[in-house]
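Asks: Have a look at this one.
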Amino acid sequence: MADIFDEDLFLKGLEQRKGTLGAEYVEKNLAAADDFTRPFQEAMTAWCWGFGWGDDVIDAKTRSMMNLAMIGALGKMHEWEIHCKGAINNGVSKEEIRAIIHVVGIYCGVPQALECFRVARKVLDAS
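Following full-length UniProt numbering, the numbering of the sequence shown begins with 1 at its first residue and continues without gaps.
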């Protein structure tokens, strides 16, 4: 089987991922990867962060805002918490986070907005 690993895209993604989520968090995740999970960590870093976040068409702040809306809609609250912290790192304000949660509530329902508010409060209180 051919090696599909693109080191340049991975390195670009690694820089993007660390810039948004923090170097300590990213390095901890990569260090915890084993033979079973490492290929996914590498592919996700290259694809999501290198390809998806690596172009200059949409700035990091806007991408973070989009992510909060989409991940909130999916109800993936662990990931939402991580990306809420990343959004703050990318310059998203408390007021913008609140507005994003309002949109989640309108399109995905009040219970999901309440979950987002709970997690946002935890993140904002810690920052």
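In this text, a Cβ means the ideal position worked out from N, Cα and C, and glycines have one as well.
With a threshold of 7 Å on Cβ separation, who are the neighbours of Leu124 within its own chain once the five nearest residues in sequence on each side are excluded?
Replies: Residue numbering aside, residue 124 sits at position 124 when the sequence shown is read from its first letter. Within the same chain, Leu124 has close Cβ partners Lys94.
Asks: DSSP state of Lys122, grouped into three classes?
Replies: To locate residue 122, count along the sequence shown from 1; it is residue 122. In the structure shown, Lys122 sits in a helix (DSSP, three-state: H, G or I).
Asks: Rounding to the nearest angstrom, what Cα-Cα distance links Glu7 and Glu81 in this structure?
Replies: Taking the first residue of the sequence shown as 1, we reach residue 7 at position 7. Taking the first residue of the sequence shown as 1, we reach residue 81 at position 81. Roughly 28 Å between the two C-alpha positions.
Asks: Is the beta carbon of Ser64 closer than 7 Å to that of Gly50?
Replies: Position 50 of the sequence shown, counting from 1, holds the residue named residue 50. Position 64 of the sequence shown, counting from 1, holds the residue named residue 64. Cβ distance not < 7 Å, so Gly50 and Ser64 don't count as in contact.
Asks: What beta strand (DSSP E) runs, 3 residues minimum, are completely inside the UniProt domain "Carboxymuconolactone decarboxylase-like" (40-121)?
Replies: none
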